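J.: Chains as they are written, first to last, in the working numbering: chain A, 1 to 241; chain B, 1 to 241.
Heads up, the beta-carbon is just placed ideally off N, CA and C, and yes, glycines get one too.
Keep in mind that this is a model prediction, so the values were computed, not measured.
Number of protein chains: 2
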Amino acid sequence: EIVAAVAAALGNGPLQGKHVLVTSGPTHEPIDPVRYIANRSSGAQGTALATALAALGARVTFVTGPALVPPPGGVAVVRVETAAEMLAAVQTALPADAAVFAAAVADWRVANAAGQKMKKDGTGQPPALAFAENADILAAIAGMTEGRPQLVVGFAAETQDVVEHATAKRLRKGCDWIVANDVSPATGIMGGSENAVTVIDAAGAESWPRMAKDLVARRLAARIAAALGAMADVEASGGDI
Amino acid sequence: EIVAAVAAALGNGPLQGKHVLVTSGPTHEPIDPVRYIANRSSGAQGTALATALAALGARVTFVTGPALVPPPGGVAVVRVETAAEMLAAVQTALPADAAVFAAAVADWRVANAAGQKMKKDGTGQPPALAFAENADILAAIAGMTEGRPQLVVGFAAETQDVVEHATAKRLRKGCDWIVANDVSPATGIMGGSENAVTVIDAAGAESWPRMAKDLVARRLAARIAAALGAMADVEASGGDI
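(1) At a CB distance below 9 Å, what residues from the stretch 160 to 183 of chain A approach chain B? Give them in sequence order.
(2) Nearest chain A C-beta to LYS213/B closer than 8 Å, yes or no?
(3) Pull up the distance between the alpha-carbon of GLY192/B and that of ALA222/A, whole angstroms please.
(4) Whose C-beta lies closer than 6 Å to the C-beta of PRO127/A among residues of the same chain, with five residues either side of it excluded?
(5) Determine the burial state of LEU161/B: buried for a count of at least 16 other Cβ atoms within 10 Å of its Cβ, exposed for fewer.
(6) Should the stretch 34 to 52 of chain B be regarded as contacting the stretch 83 to 99 of chain B, the criterion being three or more beta carbon pairs within less than 8 Å?
(7) Could you give the uninterrupted runs of the beta strand (DSSP E) lying entirely in the stretch 80 to 167 of chain B, keeping only those of 3 residues or more?
(8) Taking the alpha carbon of ASN12/A as the reference point, which residue from ARG210/A, LEU138/A, VAL22/A and ALA58/A has its own alpha carbon closest?
(9) I need the straight-line Cα distance from ALA226/B to GLY174/B, nearest angstrom please.
(10) Does the stretch 65 to 72 of chain A come close enough to the stretch 22 to 30 of chain A that 3 or more CB-CB pairs lie under 8 Å?
(11) Helix, strand or coil, according to DSSP, for SER42/B in the structure here?
(12) For a contact meaning CB atoms closer than 8 Å, what does ASN39/A contact in chain B?
(13) Taking the straight line between their C-alpha atoms, what separation do you get for ALA166/A and THR61/A?
(14) Any residues in the stretch 129 to 163 of chain A with a beta carbon nearer than 8 Å to a beta carbon of chain B? Which ones, in chain order?
(15) Could you confirm whether any beta carbon from chain B is found closer than 8 Å to the beta carbon of PRO71/A?
(16) Going by C-alpha distance, which of PRO72/B, ALA113/B and HIS19/B is nearest VAL34/B?
(17) PRO66/A versus chain B: which residues are under 9 Å apart at the beta carbon?
(18) List, in chain order, every chain B residue whose beta-carbon is nearer than 7 Å to that of PRO126/A.
(19) Given this structure, state the Cα-to-Cα distance separating GLU164/B from GLY147/B, to the nearest angstrom.
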């Protein structure tokens with residue numbers, strides 16, 4: 001936070017003048033007033049990434065579900081609970097130069113969430129829960145025909161065939177990069193302090209060694225800065241012709 | 001904790017020599033390796049109660065789901081995740097002089113939890129989740145024919161017709177007392193620092209004013225100590241005849 005504040009004050013980070021949107025944490029999908037569907041995302045990787053981007057001078061909007069770790073300082077924090085709220089917050093936060101979707105968003109919500117606490121009725125039969133598919137935030141933003149961020153980065157939390165699944169996901173979602181990791185319980189990554197990611201872009205898959213989540217964040221922030229800088233160079237030279 | 005330690009060291013609390021079992025927090029029921037069903041219990045009331053019982057000299061076994069608040073010091077902590085694990089931990093912790101079931105236990109588990117992360121299959125159809133009813137921990141212990149704790153206390157988190165539902169619950173479960181509260185989101189009780197409870201026993205319903213959860217805990221601990229003391233007196237005089 002101090003580094004971010006200093007970089008911002010000096011106005012000399014490589015992301016100075018850039019707006020970067022980061023989503024983080026889990027979403028919670030209500031079943032009734034007291035029950036909900038959650039996931040094991042702690043928000044640690046997204047929080048570290050927002051910190052690292054701000055340290056490089058970016059103006060960061062941080063859209064976060066109910067995470068275990070507190071949001072970073074020096075960024076604009078938007079708190080949401082459900083996937084639908086997260087999509088709305090993301091749309092409100094645009095335009096952005098880059099958008100990084102690190103949140104673990106629920107694929108489904110409970111379509112018939114109850115206004116009162118569901119009770120056992122003595123029959124031993126559970127209440128029937130009907131599910132509806134949530135809007136795909138990553139695909140929605142990656143597919144924007146107007147006002148799309150220059151760089152759209154998704155995350156893929158997989159438990160098997162990580163690179164294969166993530167490579168397919170990049171094409172299916174239409175995003176520029178996918179940061180993939182293995183969240184099998186045995187890895188201790190989800191909820192832990194370390195991460196081992198593979199960054200997949202149009203050129204292929206680049207596997208990074210396992211390291212602390214804030215080191216992953218700094219390396220990713222530097223890669224984002226380099227990519228936006230290269231895009232700016234292309235635009236500038238294009239303008240000269 | 002200091003009060004509890006002092007009381008235990010002095011050996012002069014009214015619950016000295018008594019073993020009290022307390023369950024606390026939510027349970028999490030897995031859907032797949034990364035998703036689960038949760039509830040909004042923070043564990044604050046159960047934690048405060050364990051602290052208050054230990055302060056009166058009780059030896060406390062504290063069986064807790066994944067709560068937001070840390071467990072108290074000076075008690076034996078048993079951490080569990082699912083309702084099934086909680087039941088097993090409770091059975092292992094018996095015998096006890098009193099058992100207080102403050103945990104918000106999931107009524108249902110996912111019967112077909114997946115070993116790998118469930119993925120969208122492109123059809124827009126959610127995976128079919130089948131639910132199974134969890135064992136009823138309160139009813140199981142309250143209904144023990146041998147080795148039943150002398151005092152079995154349940155909690156009832158309701159969102160409507162609180163006293164009516166809780167009175168029926170006491171009879172249905174076979175427990176001695178029900179501590180009922182209204183967990184409608186508007187009350188701010190679930191996850192908050194205050195509670196407004198009604199204690200229901202064979203004599204009727206006793207509504208306490210809204211107060212801090214640790215004051216509710218101290219009052220409830222004193223009521224438990226008085227009840228166990230009265231039972232001991234009856235037993236003693238019974239033995240004299």
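T.: By the coordinates alone:
(1) Cβ contacts with chain B come from GLN160, HIS165, ARG172 and VAL183.
(2) In the second sequence, counting from the first residue as 1, residue 213/B sits at position 213. Not closer than 8 Å to any Cβ of chain A, the Cβ of LYS213/B fails to qualify, so no.
(3) The sequence position of residue 192/B within the second sequence is 192, counting from 1. The sequence position of residue 222/A within the first sequence is 222, counting from 1. GLY192/B and ALA222/A have their alpha carbons spaced roughly 41 Å apart.
(4) Sequence index remark: in the first sequence, residue 127/A carries index 127 (1-based). Excluding positions up to five away in sequence, the list reads MET118.
(5) For the purposes of this step, residue 161/B is taken as residue 161 along the second sequence, with counting starting at 1. In the sequence as presented, Leu is not what sits at residue 161/B; that position holds Asp. The residue in question, ASP161/B, is exposed, as its Cβ has fewer than 16 Cβ neighbours within 10 Å.
(6) no
(7) 98 to 101, 108 to 110, 131 to 133 and 151 to 158
(8) Sequence index remark: in the first sequence, residue 12/A carries index 12 (1-based). Out of ARG210/A, LEU138/A, VAL22/A and ALA58/A, ALA58/A has the C-alpha closest to the C-alpha of ASN12/A.
(9) Residue numbering aside, residue 226/B sits at position 226 when the second sequence is read from its first letter. Residue numbering aside, residue 174/B sits at position 174 when the second sequence is read from its first letter. For ALA226/B and GLY174/B, the distance between alpha carbons rounds to 21 Å.
(10) When Cβ pairs closer than 8 Å are counted between the two stretches, the stretch 22 to 30 of chain A is seen to touch the stretch 65 to 72 of chain A, the count reaching three or more.
(11) For the purposes of this step, residue 42/B is taken as the residue at position 42 of the second sequence. Looking at SER42/B - three-state DSSP - the assignment turns out to be coil, as it is neither helix nor strand.
(12) Position 39 of the first sequence, counting from 1, holds the residue named residue 39/A. Correct list: VAL34, ARG35 and TYR36.
(13) Counted from its first residue, the first sequence places residue 166/A at position 166. Counted from its first residue, the first sequence places residue 61/A at position 61. Their Cα atoms are separated by approximately 25 Å.
(14) Residues are counted here when their Cβ sits less than 8 Å from a Cβ of chain B; for the stretch 129 to 163 of chain A these are LEU129, PHE131, ALA132, GLU133, ALA157, GLU158, THR159 and GLN160, given in chain order.
(15) Position 71 of the first sequence, counting from 1, holds the residue named residue 71/A. For PRO71/A, the answer is no, since every Cβ of chain B falls outside 8 Å of its Cβ.
(16) Locating residue 34/B in the second sequence gives position 34, where the first residue counts as 1. Nearest C-alpha to VAL34/B: ALA113/B.
(17) To locate residue 66/A, count along the first sequence from 1; it is residue 66. Chain B residues near PRO66/A: none, gap ~10 Å exceeds 9 Å.
(18) Reading the first sequence from its first residue, position 126 is the one you call residue 126/A. What PRO126/A touches in chain B: TRP108, PHE131 and GLU133.
(19) Working through the second sequence from its first residue, we reach residue 164/B at position 164. Working through the second sequence from its first residue, we reach residue 147/B at position 147. Approximately 30 Å between the Cα atoms of the pair.
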